[in-house]
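Have a look at the structure below before the remarks.
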Amino acid sequence: TLLGVITTDALVTSDLWRSMVLTAVNRSFNQITVDGDTSTNDTVIALASGTSGSTRISSLSSYEARQLQACLDAVMQGLAKSIAWDGEGATCLIEVTVTGANNEAEAAKIARSVASSSLTKAAIYGRDPNWGRIACAAGYAGIPFHPNDLRISLGDIILMDKGQPLPFDRDAASAYLRRAGETHDTVKICIGVGNGQGQGQAWGCDLSYDYVKINAEYTT
Amino acid sequence: SSSSSSSSTISIEDQSSNYIPAAPILLPEGPWKQVPGGVTAAKGFNAAGMYGGLRAKGEKPDLALVTCDVDAISAGVFTTNVVAAAPVIYCRHTIDNSDTARAVLINAGQANAATGDAGYQDVIECATAVAKLLQLRPEDILIESTGVIGQRIKKEALLNSLPELVDSLSSTIKGADNAAVAITTTDIVSKSVAIETEVGGSLIRVGGMAKGSGMIHPNMA
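Next up, the structure:
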């Protein structure tokens with residue numbers, strides 16, 4: 001279960017605050033995954049006291065609203081990533097960035113499909129640069145794109161471009177995954193699906209034996 | 221002196237064994253600076269976290285409270301799982317009917333989900349008890365629960381802990397850190413962050429805390 005409490009002293013109208021919070025949640029908490037199970041209790045509550053003395057923010061198109069939205073996105077993304085980083089049994093955080101989609105929502109959907117893939121998560125735990133599983137998870141996200149536009153990289157190593165698998169240094173790619181796992185760092189997967197303007201991110205973690213162990217014992 | 225020092229050591233050790241380290245927070249770059257304090261960094265907010273006897277094992281804090289000195293503009297985003305927990309149903313209803321709130325009570329240990337009408341009644345009783353202690357209306361109080369699904373909250377233990385919880389409220393960093401630990405379940409680290417930036421000619425702060433480690437695939441709206 002995800003629980004969050006967000007606070008600010010900015011002065012903002014109710015409708016605007018509720019709209020901004022939902023936007024920020026869709027760019028953060030709704031883009032993380034550990035095990036694919038949506039809890040009965042997931043809740044984020046956000047409170048604005050208005051006691052900072054700032055001007056009242058009442059229009060979504062105002063400069064102040066864009067600044068507050070950026071702050072809200074940042075705080076929620078920081079917290080959301082720490083949840084994926086701390087996924088049960090995880091040894092590393094997985095960050096999936098998708099570019100070239102038609103819009104932000106489609107890019108986000110592809111990114112989360114890859115971050116949710118048990119086969120991709122298990123491969124990363126096995127330090128296996130398995131680009132085929134990444135391509136597969138992007139392909140079943142339900143967002144159409146031309147397979148010949150597909151580009152996949154792992155850290156700085158390009159594994160696939162224009163839909164064609166590339167020769168790459170397998171040991172170096174595996175070492176990249178191992179190093180991230182040994183230091184509980186971040187594995188970055190970048191995926192291109194075309195020339196659109198849509199970009200989105202999702203965060204997850206690798207799938208280890210410990211996940212099963214923890215949850216076989218944590219019973220209802 | 222050795223026994224007293226050993227007992228104080230034990231208590232300190234005890235204290236430290238009930239606390240978990242803080243997660244590294246990977247903040248995106250931007251025109252802000254990170255400041256300490258999580259939910260209490262922004263003006264007007266107080267927090268507390270304590271062990272209320274709700275957890276099945278160990279004595280890690282399991283009860284948290286966040287309050288605001290003024291009527292705060294409220295927003296809530298909730299699971300779309302149709303088997304929604306009692307606190308989710310209660311908060312959706314409360315936030316639908318009011319633009320503002322003054323406090324959030326959070327318990328770990330039991331999720332109060334799949335607990336039927338009795339579970340919903342438990343939420344009402346907890347909100348009413350917190351409102352009374354804070355001299356507020358029950359609809360000013362929001363509730364979050366996390367833990368084992370299918371179990372009702374240990375209501376007596378929770379209600380008996382409320383006076384001490386309210387007394388320990390503070391606007392300090394420690395208050396925020398204690399609350400961030402108290403909301404965790406299988407988490408290995410606590411999650412808390414705050415940033416400060418200038419908006420509309422004034423310095424404002426945005427902060428927060430979160431928990432989560434398993435059963436994580438949020439689809440909230």
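Each protein sequence line maps, in turn, to chains A and B.
The opening position of the first sequence corresponds to residue 1 in this note's numbering, with each subsequent residue numbered one higher.
The opening position of the second sequence corresponds to residue 221 in this note's numbering, with each subsequent residue numbered one higher.
A virtual CB, placed ideally from N, CA and C, is assigned to each residue, including glycine.
Predicted model only: the values in this text are computed from it and were never measured.
So residue i is in the beta strand (DSSP E); what residue range does that whole segment cover?
| i | result |
| --- | --- |
| W203(A) | G198 to C205 |
| Q330(B) | T320 to Q330 |
| M160(A) | I157 to D161 |
| I83(A) | Looking at the DSSP string, I83(A) is not in any beta strand (DSSP E); the run it does join, the alpha helix (DSSP H), is Y63 to W85. |
| S422(B) | S422 to K431 |
| T97(A) | L93 to A101 |
| G132(A) | Not the beta strand (DSSP E): G132(A) falls in the alpha helix (DSSP H), residues W131 to G139. |
| L3(A) | L3 to T8 |
| G367(B) | I361 to V368 |
Can you grab the Cα-Cα spacing for the pair residue i / residue j, in whole Å?
| i | j | result |
| --- | --- | --- |
| D161(A) | R151(A) | 4 Å |
| S113(A) | A107(A) | 10 Å |
| Q164(A) | R133(A) | 14 Å |
| C346(B) | V413(B) | 28 Å |
| Q201(A) | T51(A) | 33 Å |
| A101(A) | V193(A) | 6 Å |
| I415(B) | A115(A) | 27 Å |
| M429(B) | Y63(A) | 26 Å |
| G264(B) | D360(B) | 15 Å |
| A105(A) | A24(A) | 13 Å |
| D9(A) | P438(B) | 27 Å |
| V302(B) | G4(A) | 20 Å |
| T229(B) | Y239(B) | Because the pLDDT at T229(B) is just 37, under 50, the model does not fix this residue reliably, and the value given afterwards should be weighed accordingly. Each residue's alpha carbon lies about 15 Å from the other. |
| W17(A) | I293(B) | 8 Å |
| M76(A) | K253(B) | 15 Å |
| A65(A) | D73(A) | 12 Å |
| N26(A) | S390(B) | 31 Å |
| I403(B) | N332(B) | 14 Å |
| G250(B) | G367(B) | 35 Å |
| A122(A) | I110(A) | 18 Å |
| I124(A) | L207(A) | 8 Å |
| D342(B) | N195(A) | 53 Å |
| T314(B) | S153(A) | 46 Å |
| A323(B) | T260(B) | 13 Å |
| E384(B) | G258(B) | 22 Å |
Let's see if you can read the secondary structure: which residues bound the alpha helix (DSSP H) around residue i?
| i | result |
| --- | --- |
| T186(A) | Taken as a continuous stretch (DSSP letters only), T186(A) belongs to no alpha helix (DSSP H), being part of the beta strand (DSSP E) at T186 to G192. |
| S116(A) | E104 to S116 |
| K394(B) | I393 to A402 |
| K213(A) | Y209 to E217 |
| L22(A) | S14 to N26 |
| E474(B) | One cannot answer for residue 474(B) here, as it falls past the ends of chain B, which runs 221 to 441. |
| E182(A) | R170 to E182 |
| V308(B) | A306 to N317 |
Check the DSSP bridge columns for residue i and list the partner residues they point to.
| i | result |
| --- | --- |
| V343(B) | Per DSSP, none; premise fails for V343(B). |
| F265(B) | C288(B) |
| S412(B) | M429(B) |
| A242(B) | S410(B) |
| I152(A) | M160(A) and I191(A) |
| S294(B) | L47(A) |
| S390(B) | A267(B) |
| T299(B) | M440(B) |
| I57(A) | V12(A) |
Is residue i near the ligand MG, going by C-beta to nearest heavy atom under 8 Å?
| i | result |
| --- | --- |
| D282(B) | The ligand MG is not part of the structure shown, which contains no ligands of any sort. |
Please report whether the beta-carbon of residue i lies at a distance below 9 Å from any beta-carbon of chain C.
| i | result |
| --- | --- |
| D9(A) | Of the protein chains in this structure, namely A and B, none is chain C. |
### Query
Listed in chain order, which residues of the segment 336–359 of chain B have Cβ atoms closer than 8 Å to some Cβ of chain A?
none
### Query
Taking Cβ-Cβ distances below 7 Å as the criterion, which residues of the segment 15–29 of chain A are in contact with chain B?
Taking a C-beta cut-off of 7 Å against chain B, the contacting residues of the segment 15–29 of chain A are W17, R18, V21, L22, V25 and F29, listed in chain order.
### Query
Taking Cβ-Cβ distances below 8 Å as the criterion, which residues of the segment 65–96 of chain A are in contact with chain B?
For the segment 65–96 of chain A, the set of positions with a beta-carbon nearer than 8 Å to some beta-carbon of chain B reads Q67, L68, A70, C71, L72, D73, A74, V75, M76, Q77, G78, L79, A80, K81, S82, I83, A84, W85, D86, G87, E88 and L93 in chain order.
### Task
Note down, in chain order, all residues in the segment 30–50 of chain A with a beta-carbon under 9 Å from any beta-carbon belonging to chain B.
N30, Q31, I32, T33, V34, D35, G36, D37, T38, S39, T40, N41, D42, T43, V44, I45, A46, L47, A48, S49 and G50
### Message
I want to know whether the segment 313–330 of chain B touches the segment 273–287 of chain B - three or more CB-CB distances under 8 Å.
### Response
yes
### Task
Please list the residues of the segment 362–377 of chain B that have a C-beta atom closer than 7 Å to any C-beta atom in chain A, keeping them in chain order.
L362, E364, S365, T366, V368, I369 and G370
### Task
For the segment 400–416 of chain B and the segment 371–380 of chain B, state whether three or more C-beta atom pairs, one from each stretch, are separated by less than 8 Å.
Too few Cβ pairs lie closer than 8 Å, so no.
### Query
Is there contact between the segment 303–310 of chain B and the segment 343–357 of chain B, where contact requires at least three CB pairs shorter than 8 Å?
The segment 303–310 of chain B is in contact with the segment 343–357 of chain B.
### Query
For the segment 250–270 of chain B, which residues have a beta carbon sitting closer than 7 Å to at least one beta carbon of chain A?
When C-beta distances to chain A are compared with 7 Å, the residues of the segment 250–270 of chain B below that value are G250, W252, V259, A262, K263, G264 and F265, in chain order.
### Message
Count Cβ pairs between the segment 169–176 of chain A and the segment 76–83 of chain A that sit closer than 8 Å; are there 3 or more?
### Response
no
### At least 3 beta-carbon pairs within less than 8 Å: the segment 52–59 of chain A vs the segment 26–35 of chain A
Fewer than three Cβ pairs drawn from the segment 52–59 of chain A and the segment 26–35 of chain A lie within less than 8 Å of each other, which leaves the two stretches out of contact.
### Message
Which residues of the segment 124–154 of chain A have a Cβ closer than 7 Å to any Cβ of chain B? Give them in chain order.
### Response
none
### Message
Using a Cβ distance threshold of 8 Å, determine whether the segment 173–186 of chain A contacts the segment 132–146 of chain A, with at least three qualifying pairs required.
### Response
no
### Query
For the segment 376–397 of chain B, which residues have a beta carbon sitting closer than 8 Å to at least one beta carbon of chain A?
none
### Task
Residues of the segment 417–428 of chain B with a CB closer than 7 Å to any CB of chain A: list them in chain order, please.
T417, V419, G420, G421, S422, L423, I424, R425, V426, G427 and G428
### Task
Taking a Cβ distance cut-off of 7 Å, strictly less, list which residues of the segment 157–168 of chain A are near chain B, in chain order.
Considering only beta carbons, no part of the segment 157–168 of chain A lies closer than 7 Å to chain B.
#### Entry: Contact residues within the segment 283–311 of chain B, judged by C-beta distance below 8 Å to chain A
Those would be V286, C288, D289, V290, A292, I293, S294, A295, G296, V297, F298, T299, T300, N301, V303, A304, A305, P307, V308 and C311, in chain order.
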